[in-house]
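Peer 1:
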Ligand SMILES: Nc1ncnc2c1ncn2[C@@H]1O[C@H](COP(=O)(O)OP(=O)(O)OP(=O)(O)O)[C@@H](O)[C@H]1O
Ligand SMILES: [Mg+2]
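Chains as they are written, first to last, in the numbering used here: chain L, 41 to 372; chain W, 6 to 295.
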């Protein structure tokens with residue numbers, strides 16, 4: 041069980057309010073991702089849940105019991121840090137067994153759990169090494185192993201993959217998702233990488249300056265972003281935002297259209313191709329001089345023969361247009 | 006990249022400093038060994054005949070020698086124990102965020118700036134003196150008889166004085182090491198359910214192992230040759246109760262003017278220092294490997 045409720049949770053460092061009062065419910069077994077730009081308070085929120093920081097106001101409930109004043113050890117949560125925070129002088133085996141040792145578990149059960157975690161995480165061959173003798177990905181797995189042996193109510197991850205190279209990151213992303221499928225334990229995952237958020241989450245929480253901008257499933261956020269911030273933050277490449285005359289024609293202060301919803305070919309818009317990024321499967325054009333915005337990004341499927349300097353016509357898919365009012369809120 | 010030629014040139018270039026260092030070391034050592042084999046007493050001028058190991062047998066069979074060896078080891082061991090344990094304790098305390106840490110840190114470090122002779126004199130006259138000392142005064146207030154530290158417990162008193170001098174050094178090294186501990190490790194341990202004591206024992210202490218080794222090695226080098234503190238407090242007494250090897254050599258050479266026996270004592274001290282060094286490296290040297 042791992043249902044976590046935040047009720048008007050607030051955090052101040054001295055005078056500065058990093059998290060204004062905030063409500064959030066995380067259901068049992070959910071994979072929740074906190075995303076937001078750097079410094080928006082993701083780590084702080086996670087540390088509040090873990091108990092590493094004291095709240096300045098409000099209440100944190102875990103499975104219905106008030107955990108606001110419980111010390112970290114009593115909250116039955118496990119955390120994986122960005123720096124892994126392994127104990128460098130202990131072997132992998134001792135690292136993984138550490139929480140069990142602290143709980144005073146008997147030797148046989150301890151060994152059984154460590155062995156099982158090691159086999160799940162492919163660490164069986166490294167149990168007698170020290171963290172310094174492991175690669176980044178293996179260290180990451182040890183950190184996860186140390187978290188899973190405790191069978192916690194929920195896992196907290198703070199940007200666990202940001203120290204890994206791109207290929208490994210994709211692999212570990214999958215492994216964590218699979219782990220979640222198998223354990224069905226609540227996971228809270230902090231990242232600023234919206235691809236990680238989109239691919240892993242059941243529920244995404246978009247934060248800006250400590251405020252929750254929107255909560256929803258990845259596709260909710262993609263299809264119906266509540267405001268311009270979420271619209272621009274979710275999706276890669278970024279949504280194009282157009283204001284001025286073109287927006288007024290749609291009765292809006294600004295309109296947004298994703299690069300993948302603009303087709304190259306006969307259409308109302310026109311511009312000059314600047315840089316084009318060829319990914320093989322897709323091509324991203326940066327189109328200038330459209331009279332709409334500085335740059336309009338367009339995604340065309342497959343390989344494409346347009347070169348820098350070519351004039352091209354663009355046709356936006358009108359039903360995929362997002363409209364925003366002057367406050368930046370979505371117009372239904 | 007180094008070619009045969011440039012390597013030869015490099016050797017040629019560093020040769021003067023190597024020669025100088027070797028001379029610096031080998032000439033005094035050679036002279037000490039040579040003198041230790043002569044009958045060489047300044048009170049009996051004349052020729053200094055070669056007598057083989059006679060000086061050594063005098064020195065080693067002198068009843069004061071055994072006392073000196075035991076005292077040397079007690080001094081080193083006792084002071085190491087106090088400074089390392091005290092240093093760890095102070096480092097843990099000073100690492101806590103608290104009001105006025107800056108001032109407290111400077112105060113903790115300050116004994117190290119006091120010259121050994123001065124601090125020994127201050128301790129002897131202002132604290133431990135059975136008539137005028139602060140301890141005697143406190144004892145008087147409590148209605149207890151004054152305790153004459155330097156007469157009744159000379160070695161323990163010297164251990165106390167020297168520990169007071171070296172505690173700042175240990176504290177400083179251990180505090181810097183403590184501050185280099187990644188705070189996320191402690192947070193991880195906290196989440197893993199480790200109590201304050203467990204965090205100290207399983208995380209902080211192993212992290213300090215290397216710094217402790219450095220403290221032990223450096224202090225041992227200096228503590229094997231404590232002299233000033235003994236000279237100004239007890240002068241080795243009462244009797245021979247607080248002499249160490251250095252002090253015994255001093256007595257031979259400068260009080261009995263027996264250069265031969267003093268040199269033999271010097272050589273014995275060198276051998277003892279090497280034995281201690283070998284033991285230390287065996288016991289704790291592996292902590293220094295990365
Ligand atoms: N101990 C602290 N004292 C004062 N301010 C702090 C402290 N910790 C964090 N902050 C401030 O709180 C804000 C949120 O920090 P936080 O670490 O939660 O950001 P984040 O969203 O995790 O960013 P990133 O993606 O860069 O990790 C920042 O503006 C930061 O400066
Ligand atoms: Mg962070």
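Note that beta-carbon positions come from the ideal geometry of N, C-alpha and C, so glycine has one too.
Taking Cβ positions, are residue 232 (chain W) and residue 218 (chain W) nearer each other than 7 Å?
Peer 2: It is not a contact, given that the beta carbons lie outside the stated cut-off.
Peer 1: When Cβ atoms are compared, which residues of the stretch 143 to 164 of chain W fall closer than 9 Å to chain L?
Peer 2: Taking 9 Å as the Cβ-Cβ cut-off against chain L, none of the residues of the stretch 143 to 164 of chain W qualify.
Peer 1: Taking the continuous alpha helix (DSSP H) assigned at residue 119 (chain L), which residues delimit it?
Peer 2: Per DSSP, residue 119 (chain L) belongs to no alpha helix (DSSP H); it is in the beta strand (DSSP E), 117 to 120.
Peer 1: Shorter than 7 Å from the beta carbon of residue 217 (chain W) to some beta carbon of chain L?
Peer 2: Answer no: the Cβ-Cβ gap between residue 217 (chain W) and chain L never drops below 7 Å.
Peer 1: Could one say the Cβ of residue 197 (chain W) lies closer than 7 Å to chain L's Cβ atoms, at least one of them?
Peer 2: Closer than 7 Å to some Cβ of chain L, the Cβ of residue 197 (chain W) qualifies, so yes.
Peer 1: Note down the Cα distance separating residue 163 (chain L) from residue 357 (chain L), rounded to an integer number of angstroms.
Peer 2: Computed Cα separation, rounded: 49 Å.
Peer 1: Where DSSP assigns a beta bridge to residue 173 (chain L), which residues make up the other side?
Peer 2: Bridge partners of residue 173 (chain L): none, in fact.
Peer 1: Starting from the N-terminal end, write out each residue whose C-beta falls within a distance shorter than 5 Å of any non-hydrogen atom of ligand 1.
Peer 2: Working through the chain, the matches are L:53, L:58, L:78, L:79, L:80, L:81, L:82, L:83, L:84 and L:232.
Peer 1: With DSSP as the reference, label residue 104 (chain W) as helix, strand or coil.
Peer 2: It is coil, neither helix nor strand.
Peer 1: Considering only the alpha carbon of each residue, which of L:175, L:200, L:150 and L:173 lies closest to residue 190 (chain L)?
Peer 2: Answer by Cα proximity: L:150.
Peer 1: Using alpha carbons as the reference points, say which of L:264, L:244 and L:133 lies closest to residue 232 (chain L).
Peer 2: Comparing Cα-Cα distances from residue 232 (chain L) to each of L:264, L:244 and L:133, the minimum goes to L:244.
Peer 1: Using the Cβ count rule (16 or more neighbours within 10 Å means buried), how would you classify residue 176 (chain W)?
Peer 2: Its Cβ being crowded by 16 or more others within 10 Å, residue 176 (chain W) is buried.
Peer 1: Count the other CB atoms within 10 Å of the CB of residue 29 (chain W); is the residue buried (16 or more) or exposed (fewer)?
Peer 2: Looking at its Cβ environment, which holds fewer than 16 other Cβ atoms inside 10 Å, residue 29 (chain W) is exposed.
Peer 1: By Cβ distance below 8 Å, which residues in the same chain neighbour residue 221 (chain W) in space, the five residues on each side in sequence not counted?
Peer 2: 85, 89, 285 and 289, listed in sequence order.
Peer 1: Under 7 Å between the Cβ atoms of residue 262 (chain L) and residue 252 (chain L)?
Peer 2: It is not a contact, given that the beta carbons lie outside the stated cut-off.
Peer 1: Does the stretch 203 to 212 of chain L come close enough to the stretch 50 to 57 of chain L to have 3 or more Cβ pairs within less than 8 Å?
Peer 2: No, because fewer than three Cβ pairs between the stretch 203 to 212 of chain L and the stretch 50 to 57 of chain L fall closer than 8 Å, the two stretches do not touch.
Peer 1: Are the C-beta of residue 101 (chain W) and some C-beta of chain L separated by less than 7 Å?
Peer 2: With 7 Å as the cut-off, residue 101 (chain W) does not count as an interface residue toward chain L.
Peer 1: Check whether the Cβ atoms of residue 135 (chain W) and residue 151 (chain W) sit closer than 7 Å, and answer yes or no.
Peer 2: Yes, these two residues count as a Cβ contact at 7 Å.
Peer 1: Does the beta-carbon distance from residue 342 (chain L) to residue 327 (chain L) come in below 7 Å?
Peer 2: Contact flag unset, no.
Peer 1: Looking at C-beta atoms only, is the number of pairs between the stretch 121 to 129 of chain L and the stretch 185 to 196 of chain W that lie closer than 8 Å three or more?
Peer 2: A contact exists between the stretch 121 to 129 of chain L and the stretch 185 to 196 of chain W.
Peer 1: To the nearest angstrom, how far is it from the Cα of residue 208 (chain W) to the Cα of residue 196 (chain L)?
Peer 2: Cα to Cα, the separation comes out at about 22 Å.
Peer 1: Got a sec: which bits of the stretch 300 to 326 of chain L sit with their beta carbon under 7 Å from any beta carbon on chain W, in order along the chain?
Peer 2: The stretch 300 to 326 of chain L vs chain W, Cβ under 7 Å: nothing.
Peer 1: Establish whether the CB of residue 121 (chain W) and some CB of chain L are separated by less than 7 Å.
Peer 2: Not one chain L Cβ lies under 7 Å of residue 121 (chain W).
Peer 1: The alpha helix (DSSP H) spanning residue 128 (chain W) covers which residue range?
Peer 2: First-last for residue 128 (chain W): undefined, no H or E at that position.
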